[in-house]
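*Asks:*
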Amino acid sequence: MKSAVGRKGIGTDGAALPPIATAIALDRYPIFPLAGARGRALLDDCRRQLAATGSCLLPGFLTAETVAAMAAEAAAVAPLAHRKPGGRGSTAYLSTPDESFPEDHPRRRLQTSSVGAVAYDLIPPGALIRRLYEWDGFLTFLAAALGKERLYRYADPLGALNIATMGAGEHLLWHFDQTDFVVSILLQDCERGGDFEYVPNIRSETAEHYDRVWRLLDGDRREVVRLAMAPGTLALFMGRHSIHRVTPIAGDTLRLIALLGYDTAPGTMSSERLKQARYGRTAPITAQADDERLTTTPER
Ligand SMILES: O=C(O)CCC(=O)C(=O)O
Ligand SMILES: [Fe+2]
Numbered sequence: 245m246k247s248a249v250g251r252k253g254i255g256t257d258g259a260a261l262p263p264i265a266t267a268i269a270l271d272r273y274p275i276f277p278l279a280g281a282r283g284r285a286l287l288d289d290c291r292r293q294l295a296a297t298g299s300c301l302l303p304g305f306l307t308a309e310t311v312a313a314m315a316a317e318a319a320a321v322a323p324l325a326h327r328k329p330g331g332r333g334s335t336a337y338l339s340t341p342d343e344s345f346p347e348d349h350p351r352r353r354l355q356t357s358s359v360g361a362v363a364y365d366l367i368p369p370g371a372l373i374r375r376l377y378e379w380d381g382f383l384t385f386l387a388a389a390l391g392k393e394r395l396y397r398y399a400d401p402l403g404a405l406n407i408a409t410m411g412a413g414e415h416l417l418w419h420f421d422q423t424d425f426v427v428s429i430l431l432q433d434c435e436r437g438g439d440f441e442y443v444p445n446i447r448s449e450t451a452e453h454y455d456r457v458w459r460l461l462d463g464d465r466r467e468v469v470r471l472a473m474a475p476g477t478l479a480l481f482m483g484r485h486s487i488h489r490v491t492p493i494a495g496d497t498l499r500l501i502a503l504l505g506y507d508t509a510p511g512t513m514s515s516e517r518l519k520q521a522r523y524g525r526t527a528p529i530t531a532q533a534d535d536e537r538l539t540t541t542p543e544r
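Under the working numbering, the residue at position 6 of the sequence shown is numbered 250, and the numbers go up by one with no gaps.
1. Short of 7 angstroms in beta carbon distance, which residues of its chain neighbour ALA296, apart from the five on each side in sequence? Order them along the chain.
2. Of all the options PRO369, VAL443, PHE385, ARG394, which has the alpha carbon lying nearest to the alpha carbon of ARG284?
3. By DSSP, does VAL362 sit in helix, in strand, or in coil?
4. Quick one, are the C-beta atoms of ASP421 and ARG484 less than 8 angstroms apart?
5. Between ALA363 and TYR523, how many whole angstroms is the CB-CB distance? I'm expecting something under 8 angstroms.
6. Going by other Cβ atoms of all chains shown within 10 Å of its Cβ, with 16 needed for buried, is LEU480 buried or exposed?
7. May I ask which residues mark the beginning and end of the beta strand (DSSP E) holding GLU441?
8. I need the boundaries of the beta strand (DSSP E) containing GLN432, first residue and last residue.
9. Return yes when the C-beta of PHE440 is under 7 angstroms from any heavy atom of ligand 1, and no when it is not.
10. Measure the C-alpha to C-alpha separation of ASP400 and ARG374 and round it to an integer number of angstroms.
11. Going by DSSP in three states, GLN293 sits in which element: helix, strand or coil?
12. Report yes if the CB atom of GLY495 is closer than 8 angstroms to the CB atom of GLU435, and no otherwise.
13. Going along the chain, which residues of its own chain have a beta-carbon closer than 7 angstroms to the beta-carbon of LEU416, five neighbours each way excluded?
14. Nearer than 7 angstroms: is that true of the beta carbon of ASP400 relative to any heavy atom of ligand 1?
15. Does the contact criterion of 3 or more C-beta pairs under 8 angstroms hold for the stretch 501-520 versus the stretch 402-416?
16. Consider the C-beta atom of GLY298 and the heavy atoms of ligand 2; say whether any pair is separated by less than 7 angstroms.
17. Between THR526 and GLY403, what straight-line distance do the alpha-carbon atoms span, to the nearest angstrom?
18. Within the same chain, show all residues whose beta-carbon is closer than 6 angstroms to that of PRO528, passing over the 5 residues directly before and after it, in chain order.
19. Identify every residue that forms a DSSP beta bridge with GLN355.
20. Please report the straight-line C-alpha distance between LEU383 and LEU306, rounded to a whole angstrom.
21. Might you give, ordered along the chain, the residues of its own chain that have their beta carbon closer than 7 angstroms to the beta carbon of GLY437, omitting 5 neighbours on each side?
22. Within 10 Å of its beta-carbon, does ARG433 have 16 or more other beta-carbons around it, so buried, or fewer, so exposed?
23. Under a Cβ-count criterion, where at least 16 other Cβ atoms within 10 Å of its own Cβ denotes burial, should ASP348 be classed as buried or exposed?
24. Is the stretch 338-353 close to the stretch 442-462, with three or more CB pairs under 8 angstroms?
25. Would you mind sorting GLN532 into buried or exposed? The rule is 16 or more other CB atoms within 10 Å of its CB.
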């Protein structure tokens with residue numbers, strides 16, 4: 245049966261919807277058109293969640309049919325993911341150890357991590373997740389939900405939209421993000437593990453609270469909260485002040501999550517160093533290289 249996802253639909257006000265809007269459970273989350281009492285109630289809920297916990301979860305944001313289609317599309321490109329070589333690891337601050345701090349201090353403590361990243365240019369233009377990312381209606385909703393005047397998609401040809409893929413034994417270190425917020429949609433969960441854990445607002449703009457971070461890295465779980473992410477959940481997460489990680493994955497099923505890059509200013513690009521580490525290259529794949537890729541068997 246041909247999928248109905250992305251076909252033309254009719255909005256609640258009778259107006260024609262852009263096809264990609266039908267990927268969203270609009271009866272539950274009226275993001276388009278984002279008007280009236282129900283739209284306002286949704287935005288209020290998002291902002292209340294963000295203020296209370298630094299995160300906002302909208303479970304069942306995508307229809308079940310969309311989740312299945314997006315997961316299949318993500319699984320198809322997952323073998324193209326790049327994995328940063330292991331090395332010594334990184335600190336929770338995503339920097340090299342600062343030797344001016346005492347031994348074992350969070351600023352010096354190295355942790356390992358392993359995750360594959362499928363860059364934006366490897367996600368086909370027709371893929372549903374890409375069509376959702378590139379839809380202005382979704383962008384407008386996210387800006388309103390986050391309480392921002394305007395949002396822009398990243399200008400980064402590799403980093404704008406990523407599929408992060410994690411298989412058995414892989415995990416993501418405890419870390420603080422270097423951006424104010426992350427927008428993600430889990431597309432496929434693993435069998436066991438792969439949980440998103442965090443400590444809400446463990447630090448602030450003015451206080452690092454190294455003692456609390458130190459205790460956490462020592463294994464004290466008293467402040468740890470688990471985000472209940474299921475496939476199809478839209479998650480907004482303010483990761484600059486809330487340390488977080490993904491616990492080790494177990495079982496044969498990949499954990500696949502879409503990471504959608506937005507900023508309040510236009511033109512955002514990641515550094516050459518970050519691109520090289522995350523994608524193993526700094527330039528997008530050209531049409532010519534694309535042809536070669538199609539005739540080359542990926543190694544993973
Ligand atoms: O995979 C996740 O759920 C979290 C990813 C994350 O924390 C990050 O990319 O900074
Ligand atoms: Fe993060």
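By construction, the Cβ of each residue, glycine as well, lies at the ideal position given by its N, Cα and C atoms.
Predicted, not measured: the structure shown is a model, and the values here were computed from it.
*Replies:* Straight from the coordinates:
1. Within its own chain, no residue has a Cβ closer than 7 angstroms to the Cβ of ALA296 once the five positions on either side in sequence are excluded.
2. It is PHE385 whose Cα lies nearest to the Cα of ARG284.
3. The answer is strand: DSSP assigns VAL362 an E or B state.
4. In this structure, ARG484 lies closer than 8 angstroms to ASP421 by Cβ.
5. Right, the Cβ-Cβ distance comes to about 5 angstroms (below 8 angstroms), so this counts as a contact.
6. It counts as buried.
7. GLU441 -> beta strand (DSSP E) spans 440-443.
8. Judged by DSSP secondary structure, GLN432 falls within the beta strand (DSSP E) whose first and last residues are 426-432.
9. It does: the Cβ of PHE440 is within 7 angstroms (strictly closer) of some heavy atom of ligand 1.
10. If you take the alpha carbons of ASP400 and ARG374, they lie about 14 angstroms apart.
11. Helix at GLN293.
12. Yes, these two residues count as a Cβ contact at 8 angstroms.
13. Taken in chain order, the residues that qualify are SER357, VAL359, ARG489, VAL490.
14. Outside the cutoff, so no.
15. Between the stretch 501-520 and the stretch 402-416 there are three or more inter-stretch CB-CB distances shorter than 8 angstroms, so the stretches are counted as touching.
16. Incorrect: GLY298 has no Cβ contact closer than 7 angstroms to ligand 2.
17. Between THR526 and GLY403, the C-alpha separation is close to 10 angstroms.
18. Listed in chain order, the non-local C-beta contacts of PRO528 below 6 angstroms within the same chain comprise ASP365, PRO401, local neighbours out to five positions each way being set aside.
19. Here GLN355 is bridged, per DSSP, to SER334.
20. Answer to the nearest angstrom: the Cα atoms are 15 angstroms apart.
21. Contacts found: THR491, PRO492, ILE493, ALA494.
22. The sequence shown places Asp at residue 433, not Arg. Buried is the call here.
23. With fewer than 16 other beta carbons inside 10 angstroms of its own, ASP348 counts as exposed.
24. Contact holds: three or more Cβ-Cβ distances are below 8 angstroms.
25. In this prediction, GLN532 scores a pLDDT of 47, lower than 50, which makes its location untrustworthy; no coordinate-derived value is stated.
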